[in-house]
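In the working numbering, the protein residues as written are 4 to 273. Ideal placement from N, C-alpha and C gives every residue a C-beta, glycine not left out. Quick caveat: nothing in here was measured; it's all calculated off a predicted structure. Everything on this sheet refers to the single structure shown next.
Listed below in structure tokens is the structure:
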């Protein structure tokens, strides 16, 4: 194989790489890598440099990112390097996130190919923008409580995965221990809000878990009930996400003060 032909093949691999990312085609993306390929990144979600080794590991990691993404727009320019097996690419990326908002980044990448596959890939990106992508779940968690404060149940319901669940770690008299499905969850909160004149959650901590989609939220809830009583309690909730939407919500709190809320619910339904 001539050096010119090898360089042409390397350029084609780089173009196919970005085309597969833009199409969110995991199978096509996986097929571009050597079995023992290495993908190096300047920063991981943990905030340190890292690398993925092996085609299956690389494909699985990128597939996880795809679960956050809606429409994906990438522009790129690829140029051959002195070593015909290497390509330098510069790119810009704009992605609509399923949980709302847009992720933007730009960078440069170096490919080292082996025939029609990638043997080594090193990426340089705006690390602050990249880490901001993984703050998306924390932002959604904060919006979750902001919409409850605004009593905007319609918009709040849009944050939920259609197979979402709400559960209580400890039993509370008068409450279902588990609610399944977005429609039932929204209906249950509509009933709850009918018993509350105000609903104010004061967030005291928002803690995304490392290497997880979970976000732990600590908050103090103040609610003026339709009965005239005032409910105040400290809560610790864990939200988990699927496709950028809330898929599981577990709320722990002292059950005794919640009795006032149960009384208000009973009066509204009697």
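- Here residue 208 is exposed, its C-beta having fewer than 16 other C-beta atoms within 10 Å.
- The closest CA to that of residue 100, considering only 139, 112 and 149, is found on 139.
- Burial state of residue 143 is buried, judged by a 10 Å Cβ sphere holding 16 or more other Cβ atoms.
- Between residue 192 and residue 205 a beta carbon distance of about 19 angstroms is seen, past the 8 angstroms cut, so the two are scored as non-contacting.
- Residue 32 is positioned such that its CB atom lies closer than 8 angstroms to that of residue 62.
- In the displayed model, residue 231 falls within coil according to three-state DSSP, outside both helix and strand.
- Each of 229, 238, 218 and 183 was checked against the Cα of residue 196, and the nearest Cα belongs to 229.
- For residue 74, the CB contacts under 8 angstroms within the same chain, skipping 5 residues up- and downstream, are 98 and 99 in chain order.
- With 16 or more other Cβ atoms inside 10 Å of its own Cβ, residue 88 counts as buried.
- DSSP, reduced to helix, strand and coil, places residue 187 within a helical segment of the structure shown.
- Secondary structure at residue 16: helix, using DSSP grouped into helix, strand and coil.
- Around residue 257, the same chain offers 236 and 237 as residues with beta carbons nearer than 8 angstroms, after the five sequence neighbours per side are excluded.
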